[in-house]
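Everything in the sequence shown is counted per our numbering, starting at 1178 for the first residue and increasing by one. All C-beta atoms in this analysis are idealised placements derived from N, C-alpha and C, irrespective of residue type, glycine included.
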Amino acid sequence: MIEAIELTKIYPGVEALSDVTLEIKKGSFVGLVGPNGSGKSTFLKLLMGMLRPTSGTVTIDYRKPGWKTRKFTAYVPEIDTLYSWMRVEECIGWYSSYFNDWNKKKAEMLQSVLGIKRFRKVGELSRGFRARLRLFLALSREAKVFLLDEPLSGIDPASRERIEEAIVKSLEGNETVIFSTHIVKEVEKLFDSVIFLKEGAVFLHRDADELRAEYGKGIEEIFREVYNE
């Protein structure tokens, strides 16, 4: 489903990704882990077609990322791009009209799980609730691919629990999910495989259970060992 071959992205003075070669199978839930600055967001933006590679290639379903792949790819950015002046109801109306794969039944279920308040202004919501709203908008789609960029970063434990529950309840198992995070403990049980990025390069890419068996410890402990935390 997703393939990168010698994928490199260089910003002025910074090599964000370096010769990344990997394959992600259709229907797998992948943890993309690493500290801030390791290249996770850059990789997801390349998958979205928001950035162009400096060299190398990346494809989704054998296509270069672009408007065609965005039709079946749902993206949750780390940066909050929601307009503060809009009411939540207006955000939902705009998003659901823009994407043909919006699933009203899923949206109703997720509204309950995530505690979405439709008549609040976005600017009145806490950081945790805004994170829930971004995830709600993406997960309410019938997408084939979900790219979630640091959805747990900087939010309270209650919101993290709600987000995990929403992901579990909304996915049917045939979707491909890349979950970018440096907070591993709460979600590592969801991972089928894990990609460890270190200074823009793939340090490890293995089946999650194989890693646990080989290291004799959980993914969070392996994370701490790899990054000396």
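DSSP-derived helix/strand/coil call for residue i
{"i": "D1386", "result": "helix"}
{"i": "I1332", "result": "coil"}
{"i": "F1313", "result": "helix"}
{"i": "L1287", "result": "helix"}
{"i": "Y1188", "result": "strand"}
{"i": "F1380", "result": "strand"}
{"i": "S1274", "result": "helix"}
{"i": "S1195", "result": "strand"}
{"i": "Y1392", "result": "helix"}
Residues that residue i bridges to, as DSSP identifies them
{"i": "Y1252", "result": "L1324"}
{"i": "G1208", "result": "F1356, V1371"}
{"i": "R1318", "result": "W1279"}
{"i": "E1200", "result": "E1180"}
{"i": "K1346", "result": "Per DSSP, none; premise fails for K1346."}
{"i": "K1298", "result": "R1264"}
Distance between beta carbons of residue j and residue i, contact taken as under 8 Å
{"i": "M1263", "j": "V1290", "result": "About 22 Å; that fails the 8 Å criterion."}
{"i": "L1194", "j": "K1186", "result": "4 Å"}
{"i": "L1325", "j": "V1354", "result": "7 Å"}
{"i": "A1343", "j": "D1278", "result": "Not confirmed; about 17 Å, so no contact."}
{"i": "V1265", "j": "R1297", "result": "5 Å"}
{"i": "V1371", "j": "I1396", "result": "6 Å"}
Contact test: residue i Cβ vs the ligand FAD heavy atom, cutoff 8 Å
{"i": "E1267", "result": "In the structure on display, the ligand FAD does not appear, and there are no ligands present to speak of."}
Checklist entry - Can at least three beta-carbon pairs, one atom from the segment 1237-1253 and one from the segment 1381-1391, be found at a separation below 8 Å? => result Fewer than three pairs of CB atoms, one per stretch, sit closer than 8 Å, so the segment 1237-1253 makes no contact with the segment 1381-1391.
Checklist entry - Which ranges would you report for the alpha helix (DSSP H) in the segment 1211-1271 if only whole runs of at least 4 residues count? => result Counting only runs of 4 or more, we get 1217-1225, 1244-1247.
Next on the checklist: So, does the segment 1309-1326 touch the segment 1249-1269, judging by three or more C-beta pairs under 8 Å?
Outcome noted: Short answer: they touch.
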